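Presented below is the structure to which this report refers.
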Amino acid sequence: MAQAKTSAKPKAKVKTGAKKVAARAKKPAAKKTSAAAKKTATKKTVAAAKKPAAKKPAAKKLPFAKGDYVVYPTHGVGKVTGIEKREVAGFSLQLFVIMFDSEKMTLRVPIEKVAASGLRKISSKDKMQAVVATLKGRARSKRTMWSRRAQEYEAKINSGDPVAIAEVVRDLYRAPGQPEQSYSERQMYEAALERLVHEFALVERLDVDAATQKIEDILAG
Numbered sequence: 606m607a608q609a610k611t612s613a614k615p616k617a618k619v620k621t622g623a624k625k626v627a628a629r630a631k632k633p634a635a636k637k638t639s640a641a642a643k644k645t646a647t648k649k650t651v652a653a654a655k656k657p658a659a660k661k662p663a664a665k666k667l668p669f670a671k672g673d674y675v676v677y678p679t680h681g682v683g684k685v686t687g688i689e690k691r692e693v694a695g696f697s698l699q700l701f702v703i704m705f706d707s708e709k710m711t712l713r714v715p716i717e718k719v720a721a722s723g724l725r726k727i728s729s730k731d732k733m734q735a736v737v738a739t740l741k742g743r744a745r746s747k748r749t750m751w752s753r754r755a756q757e758y759e760a761k762i763n764s765g766d767p768v769a770i771a772e773v774v775r776d777l778y779r780a781p782g783q784p785e786q787s788y789s790e791r792q793m794y795e796a797a798l799e800r801l802v803h804e805f806a807l808v809e810r811l812d813v814d815a816a817t818q819k820i821e822d823i824l825a826g
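Structure, rendered in structure tokens:
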């Protein structure tokens with residue numbers, strides 16, 4: 606009797622559940638990561654676009670302008686006639702050009718040296734009131750030698766302080782009937798008076814002759 610032959614079926618290859626889960630998990634995660642990166646990059650681009658550009662530093666404001674009257678301690682009242690740029694020893698400098706009519710001279714002061722030089726604006730009305738009060742005050746007694754007093758007077762005249770200059774004018778003034786000044790005293794008095802008169806005239810809006818007369822009237826009391 607013939608025996609029935611049994612045919613062996615080939616075994617089907619079956620993927621394990623673990624491999625399927627891993628494959629599924631990896632694919633969406635990669636997409637999510639890519640989308641998140643793009644979103645972050647977009648936000649950064651928008652933020653960078655919105656960020657304002659850095660502001661340029663504002664130009665430094667100059668203390669004086671062309672046409673301003675100023676006082677230089679050793680020369681008195683002058684007028685700013687312009688602002689120049691010059692190269693000195695490889696450095697670019699801005700300079701105030703100042704004309705002094707009383708001395709017929711022009712002076713150039715670097716902007717960086719304004720404070721150190723003592724260059725200043727014309728005094729205020731309040732300052733001139735202090736000058737008037739000083740002129741009305743009592744003259745200081747002259748007990749020291751003239752040579753020493755002359756040094757003190759000269760230092761005050763060149764200080765640029767109108768009140769200090771007024772002290773010199775007051776102390777050296779001679780009213781009619783008083784002993785005459787010596788030649789040196791007279792020269793010092795006139796130098797101080799001239800320095801004071803020009804600033805006084807500008808503040809009080811007088812011409813030089815009228816300002817001189819007003820100061821001498823104050824001194825005469």
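For any residue, its number in the numbering used here is found by taking its place in the sequence shown, counting from 1, and adding 605.
Even glycine gets a Cβ: it sits at the ideal position worked out from N, Cα and C.
Note that the structure is a prediction, hence the values are computed from the model and not measured.
Excluding sequence positions up to five before and after M704, its CB lies within less than 7 Å of the CB of G683, K684, T686, T711, all in the same chain and listed in chain order. With contacts defined by Cβ atoms closer than 8 Å, W751 and S789 form a contacting pair.
Beta-bridge annotation (DSSP): T711 is paired with M704.
Counting along the chain, I820 sits inside the alpha helix (DSSP H) bounded by residues 813-825. A Cβ-Cβ contact shorter than 8 Å links V702 with I688. Minimum Cα-Cα distance from S746 among the listed residues K819, L807, D776, L811 corresponds to D776.
Taking the CA atoms as reference points, S764 sits about 15 Å from H803. Taking A670 as reference, the option from L700, E759, H680 with the minimal CA-CA separation is L700.
If only uninterrupted beta strand (DSSP E) runs of at least 3 residues are considered, none is enclosed by the region 723-758.
Taking a C-beta distance under 8 Å as the contact criterion, L807 and Y674 qualify as a contact pair. Collapsing the DSSP output to three states places Y778 in coil. Judged by DSSP secondary structure, R810 falls outside any alpha helix (DSSP H); it is assigned neither H nor E. CA-to-CA, the gap between A738 and I770 works out to about 13 Å.
If the five residues before and after P678 are omitted, its C-beta is found closer than 7 Å to the C-beta atoms of G723, N763, S764, G765, all from its own chain and listed in chain order. M733 and V719 have their C-alpha atoms spaced approximately 23 Å apart. The criterion of a C-beta distance shorter than 8 Å is satisfied by A825 and A780.
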